[in-house]
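Q:
Residue numbers (the numbering used here): 599 to 707.
1. For the pair the stretch 664-679 and the stretch 688-707, tell me if three or more CB-CB distances fall below 8 Å.
2. For residue 686, does the three-state DSSP call read helix, strand or coil?
3. Can you tell me whether residue 646 is buried or exposed? The criterion is at least 16 other CB atoms within 10 Å of its CB, across all chains shown.
4. Using the C-alpha atoms, what's the distance from residue 651 back to residue 676?
5. Can you name, in chain order, every residue of its own chain whose Cβ lies under 6 Å from the Cβ of residue 665, other than the five neighbours on each side?
6. Which residues in the same chain have their Cβ closer than 8 Å to the Cβ of residue 689, if we skip the five residues on either side of it in sequence?
7. So what's residue 699 in DSSP terms, helix, strand or just coil?
8. Assign residue 677 to one of three DSSP states: helix, strand, or coil.
9. Between the C-alpha atoms of residue 673 and residue 680, what's the straight-line distance to the nearest angstrom?
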């Protein structure tokens, strides 16, 4: 009688190789200048409150609203363009306010 052995596919071989190399390879905790210390990075979406997030979304939509109403001739001097620029400035000030608050909370100056 012929013996029936289960077939070994290539994927099994690669997973065992990757497991062996991951056990022997140096990790981030032992490599580099930082030695695995995580640097805190700013994420606007997580730093904002619900109210600020709602305001930001509305202001971004209002920029497109005003830009859609800019006339074809002399558009740069129009009231709609001025309103769009004012809204962009408000967005920038909101983002800086959120970033400053995040830096104060995390002790970054």
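In this text, a Cβ means the ideal position worked out from N, Cα and C, and glycines have one as well.
A: Per the coordinate set shown:
1. no
2. In the structure shown, residue 686 falls within a helical segment according to DSSP collapsed to helix, strand and coil.
3. buried
4. The C-alpha of residue 676 lies about 29 Å from the C-alpha of residue 651.
5. Only 682 meet the Cβ criterion.
6. 654, 657, 658, 661
7. helix
8. helix
9. 10 Å
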